[in-house]
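Report on the structure given below.
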Amino acid sequence: MNLFGFLKSRPSAPVARERLQILLAHERAVSGGSDLVAQLKEEILAVIAKHFPLEREKVQVKLDRGDAFSTLEIDIEVPSPTAAHKTAGNGGAKLAAP
Amino acid sequence: MAKVLVVTSGKGGVGKTTSTAALGAALAQSGRNVVVIDFDVGLRNLDLLMGTERRVVFDLVNVIQGEARLPQALIRDKRVDTLHMLPASQTKDKDALTPEGVARVIGELKERFDWVICDSPAGIEKGAMLAMYHADAAVVVTNPEVSSVRDSDRIIGMLDSRTARAERGERVEKHLLLTRYHPARALRGDMLKVEDVLEILSIPLLGIIPESEAVLAASNVGTPVTLHAPDSPPGRAYFDAVKRLQGEAVPMAVPEEKRGLMSKLFGRRVA
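Take a look at the structure:
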């Protein structure tokens, strides 16, 4: 630890920059692709519901837009066959969409 | 070929109206035929910054509702005769603006002027949407501060989706105007740097307007800063921005105060 660290306060602009980058990445994903993401979620739910019951909250669809490529992240939490006794297991799938 | 430019930001108080007045005046000072339109119905202020507040007879809403013809509502600037303004209504509410009415007025203005500059109200409601709808180009006014950058990001998304150009599958030319910038504070790490804002918003930079007392002084007397103090740092920054807007390559810099012989000899005066 720097003995004289207390003399200079940490600059705040890098914090602002980092907070904005995280926030806007999220907000762009929500407002930019809301229709597509919502539609995908409904269709995925419909397909899975044919085979076993699933709660809506267990399906997460996220679209991150990037310069070179965007990432579509689909996270489906599947209950184990003995879910009545045990806590639910996790199933995840990640896809990269060019 | 007339160009429709919207000056927008999402957030209020970042310098939209100041920038509309300064860019409009600077374009007119370089010989272009310019009209600036106030879209902030109910809270007009462009008239005050242009110094035309006592000459308003008819306004944008009167023209839209057929109570006045366009030439009756246009106010010609007394200092630069190629500069005109169309005021907003102060008494009606924002619902008085109709998409058809705005389209007709913009169409008529495009026949008369080289530049039609729309001063958007803050927010993302009807007035702001109508101000940007017909734009060929947009100046996104942003302060180096988190809430302003976030709102600008939102507005950029809307320029790409909620404009006539976007609906036709074309792009609105977008320009970032960074206002109230403090180079020294940015250098100390106390303020977002130009590069930070550019990286986050990723639209081309039109200009950097430094924080300056010249801006308040110009608004106090109702004269755009490019007319009131053309040699001041913000004045020069707006002139450079206008050159870039017209496609001229001007090196990017933050103009500084020109110091005269006396102040060089005796140091800075006490602010």
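First to last, the sequence lines map onto chains X and R. Just so you know, our numbering puts 90 at position 90 of the first sequence, and the rest follows in order with no gaps. Numbering-wise, our numbering comes out as the position in the second sequence, counting from 1, plus 98. Positions of the beta carbon are idealized from the N, C-alpha and C atoms, including for glycine.
Under 7 angstroms by beta carbon: chain X residues contacting residue i
| i | result |
| --- | --- |
| R:M289 | A13 |
| R:R263 | The contacting residues do not exist; R:R263 stays about 18 angstroms from chain X at best. |
| R:V244 | A16, R19, L20 |
| R:D191 | What R:D191 touches in chain X: nothing, since even the nearest Cβ is about 27 angstroms away. |
Residue of the options minimising C-alpha distance to residue i
| i | options | result |
| --- | --- | --- |
| R:A186 | R:D249, R:L168, R:M350 | R:L168 |
| R:A220 | R:V239, R:K208, R:R210 | R:V239 |
| R:S245 | R:V112, R:G129, R:V340 | R:V112 |
| R:K272 | R:M230, R:R248, R:E346, R:E165 | R:M230 |
| X:A25 | X:L63, X:I74, X:I76 | X:L63 |
| R:L257 | R:M99, R:L146, R:K101, R:G108 | R:G108 |
| R:P302 | R:M289, R:G320, R:G345, R:A316 | R:G345 |
| X:L40 | X:R28, X:P79, X:E77, X:L72 | X:L72 |
| R:N143 | R:A166, R:V247, R:G305, R:N318 | R:N318 |
| R:C216 | R:V237, R:G199, R:E198, R:R252 | R:V237 |
| R:I253 | R:G287, R:K208, R:L299, R:H232 | R:L299 |
| R:P308 | R:R269, R:G333, R:F137, R:E293 | R:G333 |
| R:E297 | X:I22, X:I76, X:D75 | X:I22 |
| R:F211 | R:T261, R:P349, R:V139, R:K101 | R:K101 |
| R:A262 | R:L274, R:L207, R:P197 | R:P197 |
| R:T115 | R:Q127, R:L147, R:A315, R:V139 | R:L147 |
| R:D136 | R:R130, R:R177, R:S128, R:V203 | R:V203 |
| R:N160 | R:N241, R:Q188, R:W213 | R:Q188 |
| R:K176 | R:D288, R:E151, R:R266, R:V200 | R:E151 |
| R:K341 | R:A284, R:L228, R:G129, R:G267 | R:G129 |
| R:V133 | R:M183, R:V104, R:D179 | R:M183 |
| R:L385 | R:D191, R:K190, R:L207 | As displayed, chain R neither begins before 99 nor continues past 369, which places residue 385 of chain R out of reach and without an answer. |
| R:N131 | R:R174, R:G149, R:V105 | R:R174 |
| R:L181 | R:T106, R:A123, R:I162, R:E268 | R:A123 |
| R:M227 | R:M99, R:D138, R:P242 | R:D138 |
| R:G199 | R:G164, R:M350, R:A347 | R:G164 |
Three-way DSSP call (helix, strand, coil) for residue i in this model
| i | result |
| --- | --- |
| R:A119 | helix |
| R:S250 | helix |
| R:L141 | coil |
| R:R174 | strand |
| X:K41 | helix |
| X:A88 | Any reading at X:A88 must be qualified, since the residue scores a pLDDT of 40, below 50, and its modelled position is unreliable; no value is offered. |
| X:Q60 | strand |
| R:H182 | strand |
| X:I76 | strand |
| R:D157 | coil |
| R:T261 | coil |
| R:D191 | coil |
| X:A97 | In this prediction, X:A97 has a pLDDT of 48, which is less than 50 and means its spatial position is unreliable; what the coordinates show is noted afterwards. Correct three-state label for X:A97: strand. |
| R:S317 | helix |
| R:V244 | helix |
| R:V368 | Legend: pLDDT at R:V368 = 46, less than 50; position of this residue unreliable, no value from coordinates given. |
| R:I215 | strand |
Residue i, enclosing beta strand (DSSP E) - first and last residue
| i | result |
| --- | --- |
| R:G305 | 303-308 |
| R:T277 | 271-279 |
| R:G170 | For clarity, residue 170 of chain R is Gln in the given sequence; the question names Gly instead. Careful: R:Q170 lies outside any beta strand (DSSP E), inside the alpha helix (DSSP H) at 168-171. |
| R:D136 | 132-136 |
| R:T324 | Segment 323-326 is the alpha helix (DSSP H) holding R:T324; no beta strand (DSSP E) there. |
Neighbouring residues, chain B, relative to residue i (Cβ below 7 angstroms)
| i | result |
| --- | --- |
| X:Q21 | No chain B appears in this structure, whose protein chains are X and R. |
Start-to-end residues for the alpha helix (DSSP H) that takes in residue i
| i | result |
| --- | --- |
| R:V239 | Counting along the chain, R:V239 falls outside any alpha helix (DSSP H), though it belongs to the beta strand (DSSP E) covering 235-240. |
| R:I204 | 197-210 |
| R:L296 | 292-299 |
| R:K341 | 331-343 |
| R:V112 | Here R:V112 belongs to no alpha helix (DSSP H), and DSSP marks it neither H nor E. |
| R:L103 | Note, R:L103: premise wrong, no alpha helix (DSSP H); beta strand (DSSP E) at 101-106. |
| R:K224 | 224-231 |
Where residue i meets chain R, residues with beta-carbon distance less than 7 angstroms
| i | result |
| --- | --- |
| X:L24 | R248, D251, I298 |
Partner residues on chain X for residue i, Cβ-Cβ distance less than 9 angstroms
| i | result |
| --- | --- |
| R:R286 | P11, A13 |
Within chain X, the residues that residue i reaches when beta carbons sit closer than 8 angstroms
| i | result |
| --- | --- |
| R:D212 | Per Cβ cutoff of 8 angstroms: no residues; R:D212 is ~34 angstroms from chain X at best. |
| R:D179 | Simply none; closest approach about 44 angstroms. |
Does the segment 350-359 of chain R come within contact of the segment 145-159 of chain R, defined as at least 3 CB pairs closer than 8 angstroms? no
Under 8 angstroms: do the segment 113-123 of chain R and the segment 320-339 of chain R share three or more Cβ pairs, one atom per stretch? Proximity of the segment 113-123 of chain R to the segment 320-339 of chain R meets the contact definition, three or more beta-carbon pairs being nearer than 8 angstroms.
Assess, as a yes-or-no matter, whether the segment 43-59 of chain X is touched by the segment 272-289 of chain R under the definition of 3 or more beta carbon pairs within less than 8 angstroms. no
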